[in-house]
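Q: Residue numbers (the numbering used here), protein chains in the order written: chain A, 10 to 336; chain B, 10 to 336; chain C, 10 to 336; chain D, 10 to 336.
Backbone N, C-alpha and C define an ideal beta-carbon position, used for all residues, glycine too.
Computed from a predicted structure; not experimentally measured.
Let me give you the structure first, and then I'll get to my questions.
Number of protein chains: 4
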Amino acid sequence: VSERVRDIAHLSHIELLTPKPEESLFYFEAILGMEVAGESGDSVYLRGFGDYERSSLKLTASPQSGVGHLAYRTHSREALDRRVAALEAAGAAGGWIEGDLGHGRAYSFLDPDGHRIELFHDSERYVAPPELQPALKNQPHRYPGRGVGVRHLDHVNFLAVDPGENRVFCEQSLGLRLTEQIVLDDGTEAGVWLASNQKSYDLTYTRDVTGTHGRLHHIAFFVDQREDVLRAADIFLEHGIVMESGPHKHAIQQTFFLYTYEPGGNRIEVCAGGFLIFDPEHEPVVWTQAERAKGQAWGMQTVASFHIKGTPPVAEEDVLLARSAAH
Amino acid sequence: VSERVRDIAHLSHIELLTPKPEESLFYFEAILGMEVAGESGDSVYLRGFGDYERSSLKLTASPQSGVGHLAYRTHSREALDRRVAALEAAGAAGGWIEGDLGHGRAYSFLDPDGHRIELFHDSERYVAPPELQPALKNQPHRYPGRGVGVRHLDHVNFLAVDPGENRVFCEQSLGLRLTEQIVLDDGTEAGVWLASNQKSYDLTYTRDVTGTHGRLHHIAFFVDQREDVLRAADIFLEHGIVMESGPHKHAIQQTFFLYTYEPGGNRIEVCAGGFLIFDPEHEPVVWTQAERAKGQAWGMQTVASFHIKGTPPVAEEDVLLARSAAH
Amino acid sequence: VSERVRDIAHLSHIELLTPKPEESLFYFEAILGMEVAGESGDSVYLRGFGDYERSSLKLTASPQSGVGHLAYRTHSREALDRRVAALEAAGAAGGWIEGDLGHGRAYSFLDPDGHRIELFHDSERYVAPPELQPALKNQPHRYPGRGVGVRHLDHVNFLAVDPGENRVFCEQSLGLRLTEQIVLDDGTEAGVWLASNQKSYDLTYTRDVTGTHGRLHHIAFFVDQREDVLRAADIFLEHGIVMESGPHKHAIQQTFFLYTYEPGGNRIEVCAGGFLIFDPEHEPVVWTQAERAKGQAWGMQTVASFHIKGTPPVAEEDVLLARSAAH
Amino acid sequence: VSERVRDIAHLSHIELLTPKPEESLFYFEAILGMEVAGESGDSVYLRGFGDYERSSLKLTASPQSGVGHLAYRTHSREALDRRVAALEAAGAAGGWIEGDLGHGRAYSFLDPDGHRIELFHDSERYVAPPELQPALKNQPHRYPGRGVGVRHLDHVNFLAVDPGENRVFCEQSLGLRLTEQIVLDDGTEAGVWLASNQKSYDLTYTRDVTGTHGRLHHIAFFVDQREDVLRAADIFLEHGIVMESGPHKHAIQQTFFLYTYEPGGNRIEVCAGGFLIFDPEHEPVVWTQAERAKGQAWGMQTVASFHIKGTPPVAEEDVLLARSAAH
């Protein structure tokens, strides 16, 4: 494994669908402190102060919430070609698209659960306009001093009917590596954490208990300090933003987290901490059903909605939430 | 460049020489909160709670302070062979050694300035003894709750008469990439920051103004939060440890830093923050003489000793310090 | 009110009863980072690095958990006499005792719910022994750099069958002022927060839902930063200490909290933040039943045990916990 | 002393003079995150989110920088009368004024060094307009989520030709208590820290080395966490605000500090931490000349300008700065 060329460089951006585009834009721009980096059709492109590419979030008006697509950038054009060859050999029915604001041609395909993923290499390196010029030249744009102040897109968590199937696909076709996973007593993989680089994960699949395909659990933006997450909680509170869970520390991956719902209905995490994986021969950490039942790192039990709800919403969620409340 | 196989996986460990081995051990074990992971001859091996290998610091009794060697781990045995071939092709007069506590055979050579560097692949994955078992299985050993509590070795800063020469060597023979540098008005490279992976640097060369070869400026250990650095300052204060500079934020690389001297005379940094570099085509950030003269990120001027002193100490330092004080 | 001489200077110390004195001592000394300041009979006296008196915690071996007594220091001997006169006029059946390690004669009495409270003035100012001498002379003893590192005793929360009755007593006989309270729809006071000085509270009474008298809900120690509370959570985790709730922020008083159980069974809080009350005519903040039902500041619902359990434990708790779980 | 009625409740507000009113307003409103609470003539009134009175800062356009007046609120009208009687008995040539936006009639006088001080009791309790309503009812206005986010005015530092003379005046006429001081080898008091309540200081006098009367060294605003001070440094950096010194920790009073210059030329501190003084018989901590020479808590030497410059500026400063640079 360690010899294999790593073709995927990093998670690049996510397209989020929202039925309330103006309110969602306010959430990302005014509350999270992101900057608008472009507009096109029904979409607004946003970025954190540490994103080196043009944008990490494409916010698209849509009748329903959920995810449009997720994009990884490859190390080179050749790496892109290698991944496309591997995907096509594996039967992924993808195709090339022209690109988008901020990046060139991309290969677009579906993961086994039906989420759209794009791979591209040619990317526009962001150059800040005068009013966003940073004081330190090694930073893409100035620290906003407004709202939460997120640095960059950290990771995406898809829901999937069968996380294990998607894990195998990501390992084999994309070259992602599994770093942690939950394996239930019956052998089912309830959650898989995958990484394209030394971050300990950038893509996660957890089980969609409603049995629906192609849904989103959450996307996460990174802040530098755990204190930034605590401060974010006060900011969300003042804006009436629903905080579902946290701030607390995950046992899995040790991320310090806070989950909110943006006005369009999608779950958004603000996170800090965690660790890097330096070991080229790192063995996945496997969490058992009993270990997972212990709750989060410091003992908090995550609320039922966290394990049930995704976007777009489905009717089955209400049944499961009612059942959970009846316990 | 992005196509080239990255053979070096990460900075593994550093051997530090100390004329006061017991006091130095107290500094690393009781004050920094590291654990002893072995002893051999005149050396004690230490580790932070996040180091996945056996140890990241080999502390060796010696008549003088300074560095024994620095070691990088490669991605594979084949990667190790490739680097050795490249080194030998470049005329590096190295040789194989049997290995050491915690790792297998290694190729040992000198950088152009005369610092000893070792490359190896076979490494012992650390398994915590019962009393150091962590509560969370994705952590090598338990959080110490003692002293500063450093997570892992972060980077090493060598002094060199010609940083540029060493930069070229590291790029060409080791495959490290330059991420930031200081280039003076006369074209001299006064400092170079190099990375083997997505950390923005793990090896730095800055100019030895005394004209001496093979010296150490400092080694740095990482803590998770900037607050940990502030807390460390209080702990150093109570132990009478000399704090030379900080806590403050570097303009270059944006690391939040605190420089101390361990009892053996070596400069040790506790650091937090910084950022990762995801761009496979990242262009080095070049700082000019004028930009560097502005001081650190928030305006602090670093004290003269920071720019003059290294280990082992040399007489020329005193001349330069006296001249600096006379200004 | 603002004209009335404030006779009570501050919360001084608490006597905690423990059936597991050695394990409890380990909790306070090794995990919280307190220092032993004396021993006498079955009691060990402990202190935080910011306590100016000899000790803030008297830990006494006892068949059952719970509280021995709570002590306030008065501004002067005359203030003490005034309070005793007021107490006796109000029919408090107290009496003088000889004093204890660290303070002189004290007046001992019961609050309406049956908790023992002592008032005294003459107090021994702590002088650190050589090994605990602080680097900064304006600090009572050195920052421990061990465990959590609590600064001082912050507040005590008694359970009471009728918090309102105890509130009236504390206001009238002790001169404490009410700063916040929970008033249920039927007019019952479910919780009262009282202050002797500019801290926003140092004594709290909340309802004992088991109907038992004289019990303790928790005592709290202060740390300087919210980050210290997060770090404390990692330390408790590594020691297997039960964390009942938090870290999170209270809506009432805005304290950043983490509740644990020390091995003797008493609930201990580590807290940070909050605010001072400068207004001499401050009006109590009244929280309604509906407001309280919203949970903590950032939305967390406190677990059932938090509202039911106290020390010493009583059988009725189990009935209530079972009933709560059945919901 | 402890018996004496404390007549002064707390530091209420400061009037700051600025020759650049618009730029200064931008500094306090956009960068510090304060809210405008009124305007009158050449003055704008500002407040932090934790100030319970209408405002803590009156910003007044003026040909020169410096301080207009400082105001303390008394515990009651009777307390105000007592202080006025004491002041007049001591020969303070003060007089009554009608009051100002946010407070009623006040007694206005000069301290021995010539700074104007006002005492008042009747104060308008701030009620937030709808757009500033806080989510938690125990907070005066909502957390801004904009800029630094200061909670309240913390303290004022006047320069004085003879700090000791002003210390005696404040103790005897105002009832402030001395908590810490610097006494030079020749017996001169180089700095005195005074408190009206359990904060360890709210008014400081340090020596004006230019020999000028009535000048200001700095005013300070409080933030909740040390991390807020670090974050403030990044915000100041992005706005090109001059940071003179810090972030660092003072040895005296242990405040974590960052000194900046607002555009009008006045030195403004953002601070966190410190401690409360609970001891009614607290003895002042005396720092010697040698102890002060050690620099700040963690070893930083404060820059020369910090010891020389005040507002309004005087020509003598340049002479002293030049002499200092020549060393």
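Name, in chain order, the residues that DSSP records as bridge partners for D:N166.
A: Partner(s): D:T213, D:H227.
Q: Determine the chain C residues that contact D:N147 at a beta-carbon separation under 9 Å, and present them in chain order.
A: The answer, in chain order, is T188, E189, S209, A260, I261, Q262, Q263, F284, V294, W296.
Q: For C:Q181, I'd like the list of residues in its chain whose CB is within less than 8 Å of its CB, leaving aside the five on either flank, ordered along the chain.
A: A95, A99, listed in sequence order.
Q: Using the three-state DSSP reduction, which class does C:E38 fall into: helix, strand or coil?
A: Three-state DSSP puts C:E38 in a helix.
Q: Can you name the residues of chain B whose CB is closer than 8 Å to the CB of A:A18?
A: Within chain B, the residues near A:A18 are S11, F287, D288, P289.
Q: For the alpha helix (DSSP H) containing C:F178, name the first residue and the last one.
A: Looking at the DSSP string, the run of the alpha helix (DSSP H) that includes C:F178 is 172-178.
Q: Name, in chain order, the residues that DSSP records as bridge partners for A:A70.
A: A:A70 is bridged to A:T27.
Q: So C:S65 is in the beta strand (DSSP E); what residue range does that whole segment cover?
A: Neither: C:S65 is in no beta strand (DSSP E) and is coded neither H nor E.
Q: Tell me, please, which residues DSSP counts as bridged to C:G308.
A: Answer is none; C:G308 lacks a bridge partner.
Q: Whose C-beta lies closer than 8 Å to the C-beta of B:S209 among residues of the same chain, with five residues either side of it excluded?
A: Answer for B:S209: T188, E189, W202, Q262, G283, F284, L285, I286, listed in chain order.
Q: Should A:Y54 and A:L20 be called a contact, given that it needs their Cβ atoms to be closer than 7 Å?
A: Not in contact: A:Y54 and A:L20 (Cβ atoms no closer than 7 Å).
Q: For B:R56, which residues does DSSP report across the bridge?
A: For B:R56, which the question treats as bridged, DSSP gives the partners B:E44.
Q: So what's D:F245 in DSSP terms, helix, strand or just coil?
A: The answer is helix: DSSP assigns D:F245 an H, G or I state.
Q: In this structure, does DSSP put A:A190 in helix, strand or coil?
A: Per the sequence shown, residue 190 of chain A should be read as Gln rather than Ala. Note: A:Q190 maps to strand in three-state DSSP.
Q: Measuring alpha carbon to alpha carbon, tell me which of C:D217, C:L162, C:V76, C:Y152 ends up nearest C:G273.
A: The option with the nearest alpha carbon to C:G273 is C:V76.
Q: What would DSSP say about A:V10, mapped onto helix, strand or coil?
A: Only weak support is given to the placement of A:V10: the predicted model assigns it a pLDDT of 36, under 50, and the question is left unresolved by the model.
Q: Chain D partners of A:G154, CB-CB under 7 Å?
A: By Cβ distance, chain D contributes G156, I244, E247.
Q: Any beta-carbon of chain B closer than 7 Å to the one on D:G308?
A: Answer yes: the Cβ-Cβ gap between D:G308 and chain B drops below 7 Å somewhere.
Q: Give me, in chain order, the residues of the same chain whose beta-carbon lies closer than 6 Å to that of B:E12; leave out the 5 immediate sequence neighbours on both sides.
A: Reliability fails at B:E12, whose pLDDT of 43 lies under 50, so the model's placement of it is uncertain and the value that follows must be treated cautiously. Hits under 6 Å: none found.
Q: B:V10 to A:Q207, Cα distance in whole Å?
A: Confidence is the limiting factor: at B:V10 the pLDDT is only 36, short of 50, which leaves the residue's position unreliable, though a coordinate-based value still follows. Their Cα atoms are separated by approximately 18 Å.
Q: Just reading off the alpha helix (DSSP H) that B:H316 is part of, what are its end residues?
A: Here the alpha helix (DSSP H) through B:H316 covers 313-317.
Q: What whole-angstrom Cβ distance do C:E1 and B:A144 have, given they're in contact under 8 Å?
A: The structure shown does not extend to residue 1 of chain C, since chain C is modelled only from 10 through 336, so no value can be given for it.
Q: If C:F231 sits next to C:H161, beta carbons under 8 Å apart, how far is it from one beta carbon to the other, in whole angstroms?
A: About 5 Å separates the two Cβ atoms, so the contact holds.
Q: Taking C:N206 as the query, report the chain D residues whose CB atoms sit under 9 Å from its CB, ordered along the chain.
A: Neighbours of C:N206 on chain D, chain order: N206, Q207, L285, F287.
Q: CB-CB under 8 Å to B:P121, same chain, minus the five flanking residues each way: which ones, in chain order?
A: Only A169, D171, E174, N175, F178 meet the Cβ criterion.
Q: What span of residues does the alpha helix (DSSP H) with C:S85 cover, start to end?
A: Premise fails: C:S85 is in no alpha helix (DSSP H) and is neither H nor E.
Q: Express the C-alpha separation of B:V93 and A:T320 in angstroms, rounding to a whole number.
A: Cα to Cα, A:T320 sits roughly 52 Å from B:V93.
Q: For D:G223 versus D:G123, is the C-beta distance shorter than 7 Å?
A: Yes.
Q: At least one CB of chain B closer than 7 Å to the CB of D:L41: is that the case?
A: For D:L41, the answer is no, since every Cβ of chain B falls outside 7 Å of its Cβ.
Q: Using a 10 Å radius around the Cβ and a threshold of 16 neighbouring Cβ atoms, would you call D:F327 buried or exposed?
A: Residue 327 of chain D is actually Asp in this sequence, not Phe. When all chains shown are included, D:D327 counts as exposed.
Q: Which parts of the region 75-134 of chain B are runs of the alpha helix (DSSP H), unbroken and 4 residues or longer, counting only runs that do not cross its ends?
A: Runs found: 86-98.
Q: Would the beta-carbon of B:R86 be found less than 6 Å away from any heavy atom of the ligand SAM?
A: With respect to the ligand SAM, the structure offers nothing, as it holds no ligand at all.
Q: How about A:A241 and A:V165: are their beta carbons less than 7 Å apart?
A: Their beta carbons are not under 7 Å apart, which means A:A241 does not touch A:V165 by this criterion.
Q: Would you please verify whether the beta carbon of C:L239 is less than 7 Å from any beta carbon of chain A?
A: Output row for C:L239: interface = yes.
Q: Short check: CB of D:S112 to CB of D:D16, under 7 Å?
A: First, the residue type needs correcting, since residue 112 of chain D is His and not Ser in the sequence shown. Going by C-beta atoms, D:H112 is not nearer than 7 Å to D:D16.
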